[in-house]
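Numbering (our numbering), first residue to last: 968 to 1221.
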Amino acid sequence: MHDFALYHDTEVNWRVAEGYGAMIAAAGSGLRMMLDNPVLEIDHSGTLISVRTANGVLSARTVIVTISSALLAQERVRFTLALPEKTQAAAGLPLGLANKLFLSLDGAEEFEGDSRLFGHPREVGTAAYHVRPYGRPLIEAYFGGGLADDLEREGGRAFVDFAEYELNGLLGSTFSSRLKPVRLSQWRKDEFALGAYSYAIPGHHGDRAKLAAPVDSRLFFAGESCSIESFSTAHGAYCTGVAAAGQAMAALGR
Ligand SMILES: Cc1cc2nc3c(=O)[nH]c(=O)nc-3n(C[C@H](O)[C@H](O)[C@H](O)COP(=O)(O)OP(=O)(O)OC[C@H]3O[C@@H](n4cnc5c(N)ncnc54)[C@H](O)[C@@H]3O)c2cc1C
């Protein structure tokens, strides 16, 4: 409740027609970067920080850490010297779950573009359906909370079965013959996420500031879980990243 009360909703919501991946690729164009190169260890015991990756070791004067709170809590990246205060703060900010399933839709023109359906208005364990996003012949099914976790545990097909069942109930028992699965996220299973976005457990709303605090003016932390008033969002992640970059540049005397 305290965490939620600190949340400031800008009430500005933009969609990215080309997808978030395209936005991130555009923001990073021209920068030197390595993809598919997971960090295994950050050793900050020496004068320079050593970042051990799957493809070799990088040395740096400053490092900005942006992995999810769940990965920090489970110490999926090892810190030498250990940072128990970060592990503890991250554990106070576990990740909830939201997943999306995209289905192609035959005869989509029958529906108004960008319309919505709700599986069941009085059930928590139900999905929301965005029909013809941007007018495209698709249905985007959105699953949240315990339902999303249950379906992930059952396996990918369970999302399709659930959506078909609800849409048949709403639109007629043969409606699912017009649908084909296109793409599904399963963020809890994703080893580089372990969930969707963070919430503070009771008594732990102060952990966001603890997680965001720099260590020795050379290890900086960013990501949605570090944002006090825009947690759980893309802009919260972005703004904490900009703030951490500013701190790192100041530490480097720039
Ligand atoms: C279904 C769904 C819908 C959403 N809808 C919205 C919305 O409408 N509006 C909104 O603002 N937000 C939305 N969000 C939330 C938003 O996507 C997140 O808050 C945001 O992506 C968090 O960004 P981040 O940089 O903190 O973390 P991430 O996006 O998790 O970025 C962390 C990065 O670190 C990488 N990484 C992990 N481990 C390692 C490692 N060992 N080495 C190297 N790299 C590593 C990961 O691959 C990842 O790219 C939604 C999320 C979901 C799941």
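The beta carbon of each residue, even a glycine, is placed where N, CA and C say it ideally should be.
Residue i in three-state terms, based on DSSP
i	result
Asp-1010	strand
Leu-1219	coil
Ala-1189	coil
Ala-1065	strand
Thr-1029	coil
Tyr-1132	helix
Val-983	coil
Ser-1036	helix
Phe-1110	strand
Tyr-1166	coil
His-1097	strand
Leu-930	Summary: the structure shown does not reach residue 930, with the chain confined to residues 968 through 1221, and so no result is reported for it.
C-alpha distance - residue i paired with residue j, whole-angstrom precision
i	j	result
Arg-1103	Gly-1023	43 Å
Val-1044	Glu-1076	48 Å
Leu-1007	Val-1018	8 Å
Ser-1036	Ser-1144	40 Å
Ser-1071	Ile-1016	48 Å
Ser-1192	Thr-1141	43 Å
Glu-1119	Gly-1074	29 Å
Leu-1178	Glu-1079	44 Å
Val-1223	Gly-1136	Residue 1223 lies beyond the residue range present for the chain, which begins at 968 and ends at 1221; the question has no answer from this structure.
Leu-1068	Asp-1081	16 Å
Leu-998	Ala-1095	38 Å
Arg-982	Thr-1029	33 Å
Leu-1062	Ser-1194	14 Å
Proximity test, residue i beta-carbon vs ligand 1 heavy atom, cut-off 8 Å
i	result
Leu-1038	yes
Arg-1043	yes
Ser-1034	The amino acid occupying residue 1034 in the given sequence is Ile; Ser does not appear at that position. Yes, the Cβ of Ile-1034 comes within 8 Å of a heavy atom of ligand 1.
Asn-980	yes
Glu-1191	yes
Val-1030	no
Thr-1020	yes
Ala-1179	no
Ser-1199	yes
Val-1098	no
Ser-1017	no
Gly-1203	yes
Val-1209	no
Tyr-1101	no
Leu-1060	no
Lys-1067	yes
Phe-956	Within the shown structure, residues of the chain are numbered from 968 to 1221, placing residue 956 beyond reach of any answer.
Asn-1004	yes
Ala-1163	yes
Tyr-974	no
Glu-1082	Before going further, note that residue 1082 is Ser rather than Glu in the sequence given. No, since every heavy atom of ligand 1 falls outside the 8 Å radius drawn around the Cβ of Ser-1082.
Tyr-987	yes
Tyr-1109	yes
Leu-1105	no
Leu-1007	yes
8 Å contact criterion, which residue i and residue j should meet: CB distance rounded
i	j	result
Gln-1214	Pro-1181	6 Å
Val-1127	Pro-1100	That belief does not hold up - the Cβ atoms of Val-1127 and Pro-1100 are roughly 18 Å apart, past 8 Å.
Leu-1048	Ser-1012	5 Å
Ala-1163	Ala-1065	4 Å
Requested in this report: Please determine if the region 1057-1069 and the region 1165-1183 are in contact, where contact requires at least 3 C-beta pairs separated by less than 8 Å.
Outcome: yes
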